[in-house]
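Below is one structure, written out as structure tokens; the observations come after it.
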Amino acid sequence: MSISLSSLILCPIWISMAQIQQGGPDEKENTTALKDLLSRIDLDELMKKDEPPLDFPDTLEGFEYAFNEKGQLRHIKTGEPFVFNYREDLHRWNQKRYEALGEIITKYVYELLEKDCNLKKISIPVDASESEPKSFIFMSEDALTNPQKLMVLIHGSGVVRAGQWARRLIINEDLDSGTQIPFIKRAMDEGYGVIVLNPNENYIEVEKPKIPVQASSESSDEPAEKRERKDKISKEAKRRREFYEKYRNPQREKEMMQLYIRENGSPEEHAIYVWDHFIAQSVAENVFFVAHSYGGLAFVELMIQREADVKNKVTAVALTDSCHNVWHQEAGKTIREWMRENCCNWVSSSEPLDTSVESMLPDCPRVSAGTDRHELTSWKSLPSIFKFFAEASEARSSSQKPALARRSHRIKHEEL
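According to mature numbering (1 follows the signal peptide of the UniProt record, and there is no 0), the residues represented by the sequence shown are -18 to -1, 1 to 398, in order.
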């Protein structure tokens, strides 16, 4: 393990000071000498040597990484997977590097949605002015005009954006498991229109304006000696404050403020907005939702706010390890009944895919996603979800329950 230069120099001094503090009042002279020694050490220079500049490339090529034919992120020269601990004992720097790569990945996925999946990028709010903050979603050409089927995809919370299930999977596994692209392509192949929500794009960040320093209002008749002493104390306090800030954050980053996007300031608001302005306007006979993690909570909130419309338009909902809670969200009895009939939650479990999993909540059937990893539940349950939608569509036309829901209820009844 490597040890920083500043720690090597300061450690013996800290030990000495601790020993002096235990020695009593006769050690004051030694304490003064040690303080004087500390004041002579240029900690600014030591700290600069501890952490490299937070200056990272803005392209995959700059990071010397690329996606291979299997959709795996690999180093261009070595062919190795991404390495998080690029510099040992510099966790903050490594994390910033990872985040910078993550932003590039987000833009890369946006490009794939437009170029590989032929989706259109639609700006929201639809009536936004030039100057106000804006977000966007992605839609297929026939999303609003497809008379048969429409699929709506909602990812979870965190750093993920439209088209992603999990950034960690994209970087460490592959594009298939970490993005929504396999869902989009299969949906379009099977005749669905597609809408991809972007529920985490709730605000834009701008640099916080600096507050001007107010001029001193002290009276000019104050003795010069007193003014000089106050100035000296003030300068010393400022120097110590700046030193602390540098120690806490050696490379001072810009202070940012958030400007929220109108009617899209949270995942729940976003889901309702997209429903009102797009999904509700579609002509599809059958609308299907795939919602992962917090996306499930956003869907339940949408249902609470637009219950009659959702019941009328939505045929089935596939949740993947959803974190919704019908009690905390105060979903009414009629909503819970509808969810039991029309929803299924593929949860993280070590049981084989589609095995019934018990739940204490009276909402919807829960079955295993065939993996105990939360972030993989959408990818692993993909074939079962499309089968569930096909059965739900058939059941709706013949006024029967989807087979998966019937099977789950039967297992529950037998076990009880």
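For each residue, glycine too, the CB sits at the ideal point set by N, CA and C.
Residue environment, residue i, which counts as buried when at least 16 other CB atoms sit within 10 Å
| i | result |
| --- | --- |
| N180 | buried |
| P347 | buried |
| M133 | buried |
| M342 | exposed |
| P249 | buried |
| A206 | exposed |
| L241 | exposed |
| R288 | buried |
| V256 | buried |
| D124 | buried |
| V272 | buried |
| S216 | exposed |
| V108 | exposed |
| F281 | buried |
| R209 | exposed |
| S264 | buried |
| F368 | buried |
| L284 | buried |
According to DSSP, residues forming a beta bridge with residue i
| i | result |
| --- | --- |
| S117 | I106 |
| W328 | T302, V349 |
| H356 | None, per the DSSP bridge assignment. |
| A273 | I136, L301 |
| E289 | In DSSP, E289 forms no bridge with anything. |
| I186 | L241 |
| N268 | K131 |
| I367 | In DSSP, I367 forms no bridge with anything. |
| S111 | Paired residue(s): none; S111 is not in a bridge. |
| V296 | V269 |
| I177 | M121, V134 |
| S338 | V349 |
Selected residue, minimal CA-CA separation from residue i, among the options
| i | options | result |
| --- | --- | --- |
| A298 | F270, I317, Q263 | F270 |
| Q130 | E319, K295, A110 | K295 |
| H310 | I286, D303, F45 | I286 |
| G277 | F260, K89, G140, L72 | G140 |
| D303 | N327, E189, K89 | N327 |
| E357 | Y90, Y68, K103, L151 | L151 |
| P365 | P344, R378, E376, L335 | L335 |
| A374 | N268, I243, M170 | N268 |
| L157 | A290, V256, L55, Q77 | L55 |
| C305 | L279, E312, R378 | L279 |
| V142 | N154, D124, T161 | T161 |
| A110 | Y90, K59, P164, R244 | R244 |
| F118 | R378, S363, K236, Y92 | Y92 |
| R79 | E376, D40, Q240, P63 | D40 |
| M121 | Q263, K362, N100 | N100 |
| F370 | K293, G138, C325, K362 | C325 |
| E85 | P115, E62, F45 | F45 |
| A290 | D354, P115, W320 | W320 |
| E251 | T353, I106, E312 | I106 |
| A300 | S113, T88, I136, K89 | I136 |
| I87 | F66, F49, Q77 | F49 |
| K89 | A144, F66, E172 | A144 |
Residues near residue i by beta carbon distance below 7 Å, same chain, minus five either side
| i | result |
| --- | --- |
| D258 | none |
| I96 | The sequence shown places Glu at residue 96, not Ile. Cβ neighbours of E96 beyond the five flanking positions: K103. |
| A82 | F38 |
| V339 | V329, S331, E333, R348, V349, S350 |
| M170 | S122, V176 |
| F64 | Y47, L55, I153, N154 |
| H57 | E46, Y47 |
Close Cβ partners of residue i (< 6 Å) along its chain, the five nearest in sequence each way excluded
| i | result |
| --- | --- |
| R322 | C346 |
| N128 | G175, A266 |
| S360 | W147, H274, T302 |
| Y229 | With a pLDDT of 48 at Y229, under the threshold of 50, the modelled position of this residue cannot be trusted, and the question is left open. |
| I166 | C99, V176 |
| P115 | I186, L241, I243 |
| H391 | Bear in mind that the predicted position of H391 carries a pLDDT of just 41, short of 50, making it unreliable; the figure below should be weighed with that in mind. Cβ neighbours of H391 beyond the five flanking positions: none. |
| K362 | A351, G352, T353 |
| G138 | H274, S275, Y276, G277 |
| K236 | E189 |
Proximal residues to residue i (C-beta, below 8 Å), its chain only, five neighbours per side dropped
| i | result |
| --- | --- |
| M238 | E187, V188, E189, K190 |
| P344 | V308, R318, R322 |
| P34 | R69, L72, W75 |
| I261 | L132, V134, I177, V269, K295 |
| T337 | S331, V349, S350 |
| E43 | I58 |
Below-8 Å beta-carbon distance, residue i vs any chain B residue
| i | result |
| --- | --- |
| E123 | No chain B appears in the structure shown, which is made up of a single protein chain. |
**OP:** Could you name each continuous alpha helix (DSSP H) segment of 4 residues or more that falls completely within the stretch 233 to 261, going from the start of the chain to the end?
**Re:** Those alpha helix (DSSP H) runs which fall completely within the stretch 233 to 261 and span 4+ residues are 249 to 259.
Original post:
Fully enclosed by the stretch 38 to 88, which beta strand (DSSP E) runs are 3 residues long or longer?
Top reply: Fully enclosed beta strand (DSSP E) runs of 3 or longer: 47 to 49, 55 to 57.
**OP:** Within the stretch 128 to 175, note down every full beta strand (DSSP E) run reaching 3 residues or more, in order along the chain.
**Re:** For the stretch 128 to 175, the continuous beta strand (DSSP E) assignments of 3+ residues that do not extend past its boundaries occur at 131 to 136, in sequence order.
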